[in-house]
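A.B. asks: Below: one structure in structure tokens.
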Amino acid sequence: MVLNLMGLEDFLGLIYVTAWSISIYSPIWENVKCKSTKGMSMDFSVLNTMGYFYLLISMILQMFYWIPVENTNSSSQFPFKANMVDNDVKVSNMLELNNLESPKITSFDLFYCFHGEVMNLVILSQLFWGKKLWRFHDDKKRRMKPLYFKIFLLSIFIFAIYTFQFLQSSYFIEGWNNRATLRYCNKLFVLKISMSLIKYIPQVKHNMERKSVKGFSITGVILDIIGGVAALLQLLLQLSRENGGNFTLMLIFLNFGKIGLSLVAITFGFIFIIQAIIYGNT
Numbered sequence: 001m002v003l004n005l006m007g008l009e010d011f012l013g014l015i016y017v018t019a020w021s022i023s024i025y026s027p028i029w030e031n032v033k034c035k036s037t038k039g040m041s042m043d044f045s046v047l048n049t050m051g052y053f054y055l056l057i058s059m060i061l062q063m064f065y066w067i068p069v070e071n072t073n074s075s076s077q078f079p080f081k082a083n084m085v086d087n088d089v090k091v092s093n094m095l096e097l098n099n100l101e102s103p104k105i106t107s108f109d110l111f112y113c114f115h116g117e118v119m120n121l122v123i124l125s126q127l128f129w130g131k132k133l134w135r136f137h138d139d140k141k142r143r144m145k146p147l148y149f150k151i152f153l154l155s156i157f158i159f160a161i162y163t164f165q166f167l168q169s170s171y172f173i174e175g176w177n178n179r180a181t182l183r184y185c186n187k188l189f190v191l192k193i194s195m196s197l198i199k200y201i202p203q204v205k206h207n208m209e210r211k212s213v214k215g216f217s218i219t220g221v222i223l224d225i226i227g228g229v230a231a232l233l234q235l236l237l238q239l240s241r242e243n244g245g246n247f248t249l250m251l252i253f254l255n256f257g258k259i260g261l262s263l264v265a266i267t268f269g270f271i272f273i274i275q276a277i278i279y280g281n282t
């Protein structure tokens, strides 16, 4: 009945958003239940929050500031463009710059990302102000390890450079166009995927050092895997329907962010499950 009403693509979108959204409540509840954040890696949480921030900006740009080809010559359709496009730039050049199929970003994706960023901020509040705000037992102040703190600062520096280059190009050189937007958004996706890859490493090491996954939510990990599989299946169905089953490198390039995030979530999800099997919940 649900499939008939929604369609398989929307159903898979609902599954992945629900799974990934619920998964982030699991560590929050685990911390509340234990009245401690000992099971959480500070490095994991900070890098995760920054990764969601980069992803959120990328999705907002692709959803709301992607120029349809038919609107390329309409200054009223895109408010920024009238001030940004140099008078010498020909319409044909703008058509070439904007002649790109929009990435498959849906309202499901945007909700998941915004919700995830907010919930990660909640987790950070537990880590930094656990005793004051949450009445946790553990009053020990925790800091990021020097290596991961440097990575955190480096990611902000790289983000600032990418953003400056994008705004400079959009306002003073090419004008606002889809190719520049896609380049910038894919750079943000790379930052997010890098944060995802790096953030899992301290949590894996944290579990290994303690020889335990106690305080770390395996339920959330299972939901992450379910969400990753559903997100990949939804994207494959969308691309197959709209492109007749022809998967090109350009399609992968347009959507590699979602593909990469799903594969990272699935891969490390299985690593955490293996740790849970080996160490148990002791």
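Take the sequence shown: its letters are residues 1 to 282, numbered as in the UniProt record's numbering. The C-beta atom is built at its ideal place from N, Cα and C for all residues, glycine as well. In this text, all values refer to a predicted model and were calculated from it rather than measured experimentally.
1) For histidine 137, which three-state DSSP category applies?
2) Counting only runs that start and end within the segment 115–203, where is the alpha helix (DSSP H) found for 4 or more residues in a row?
3) Would isoleucine 193 be called buried (16 or more neighbouring beta carbons within 10 Å of its own) or exposed?
4) What separation, rounded to the nearest whole angstrom, lies between the Cα atoms of lysine 145 and asparagine 186?
5) Can you say whether aspartate 88 is buried or exposed, counting buried as having 16 or more other CB atoms within 10 angstroms of its CB?
6) Can you tell me where the alpha helix (DSSP H) with glycine 13 in it begins and where it stops?
7) By the DSSP assignment, the alpha helix (DSSP H) with isoleucine 57 in it spans what residues?
8) How many Å lie between isoleucine 15 and tyrosine 112 at the Cα?
9) Rounded to the nearest angstrom, what separates leucine 56 and arginine 210 at their Cα positions?
10) In three-state terms, what does DSSP make of proline 103?
11) Quick check: what's the CA-CA separation for serine 45 versus glycine 269?
12) Have a look at tryptophan 129 and threonine 37 and give me their C-alpha separation to the nearest angstrom.
13) Count the other C-beta atoms from every protein chain shown that fall within 10 angstroms of the C-beta of glutamine 234, then say buried if there are 16 or more, exposed otherwise.
14) State whether the segment 152–170 contacts the segment 26–42, with contact taken as three or more CB pairs (one from each stretch) at a distance under 8 Å.
15) DSSP on serine 217, reduced to helix/strand/coil?
16) Buried or exposed for lysine 258, going by 16 or more other Cβ atoms inside 10 Å?
17) Considering only residues of the same chain and omitting the five flanking positions on each side of leucine 127, which have a CB-CB separation below 8 Å?
18) Helix, strand or coil for serine 212, going by three-state DSSP, please let me know.
19) What is the DSSP secondary structure of valine 91, reduced to helix, strand or coil?
20) Near phenylalanine 114, which residues of its chain fall below 7 Å by C-beta distance, leaving aside the five closest residues on each side in sequence?
21) Spatial neighbours of lysine 104 within its chain, please: CB distance less than 8 Å, with the 5 preceding and 5 following residues excluded, ordered by chain position.
22) Just confirm the distance between the C-beta atoms of serine 58 and leucine 154, as a whole number of angstroms; I'd bet it's less than 8 Å.
23) Using three-state DSSP, classify threonine 267 as helix, strand or coil.
24) Roughly how many whole angstroms lie between the Cα atoms of isoleucine 222 and serine 170?
25) Does the beta-carbon distance from tyrosine 52 to asparagine 120 come in below 8 Å?
26) Helix, strand or coil, according to DSSP, for serine 240 in the structure here?
C.D. replies: So, from the listed chains and residues:
1) When secondary structure is reduced to three states using DSSP, histidine 137 falls in the coil class, being assigned neither helix nor strand.
2) Entirely contained in the segment 115–203, the alpha helix (DSSP H) runs reaching 4 residues are, in chain order, 146–168.
3) Result: buried.
4) CA-CA distance, lysine 145 to asparagine 186, rounds to 28 Å.
5) With a pLDDT of 47 at aspartate 88, under the threshold of 50, the modelled position of this residue cannot be trusted, and the question is left open.
6) Its alpha helix (DSSP H) spans residues 8–23.
7) It spans 42–64 - the alpha helix (DSSP H) in which isoleucine 57 sits, taken as one unbroken run.
8) Roughly 11 Å between the two C-alpha positions.
9) Rounded to the nearest angstrom, the two C-alpha atoms are 33 Å apart.
10) DSSP places proline 103 in the coil class of the three-state scheme, outside both helix and strand.
11) Each residue's alpha carbon lies about 16 Å from the other.
12) Each residue's Cα considered, the two are about 11 Å apart.
13) It is buried - the Cβ of glutamine 234 has at least 16 other Cβ atoms within 10 Å.
14) Fewer than three Cβ pairs drawn from the segment 152–170 and the segment 26–42 lie within less than 8 Å of each other, which leaves the two stretches out of contact.
15) In this structure, serine 217 counts as coil in the three-state DSSP scheme.
16) When all chains shown are included, lysine 258 counts as buried.
17) Excluding sequence neighbours, leucine 127 sits near Thr37, Met40, Met42, Ser45 and Arg142.
18) DSSP places serine 212 in coil when its eight states are reduced to three.
19) Residue placement at valine 91 is flagged as unreliable, the pLDDT there being 48, under the threshold of 50; the coordinate-derived value follows with that caveat. The three-state secondary structure of valine 91, taken from DSSP, is helix.
20) Within the same chain, phenylalanine 114 has close Cβ partners Leu56.
21) Cβ within range, chain order: Leu235, Gln238, Leu239, Leu254, Asn255 and Lys258.
22) The C-beta distance from serine 58 to leucine 154 rounds to 19 Å, too long to fall under 8 Å, and the pair is not in contact.
23) Helix, per DSSP.
24) Across the structure, isoleucine 222 and serine 170 are spaced so that their CA atoms are roughly 41 Å apart.
25) Yes. Within cutoff.
26) In this structure, serine 240 counts as helix in the three-state DSSP scheme.
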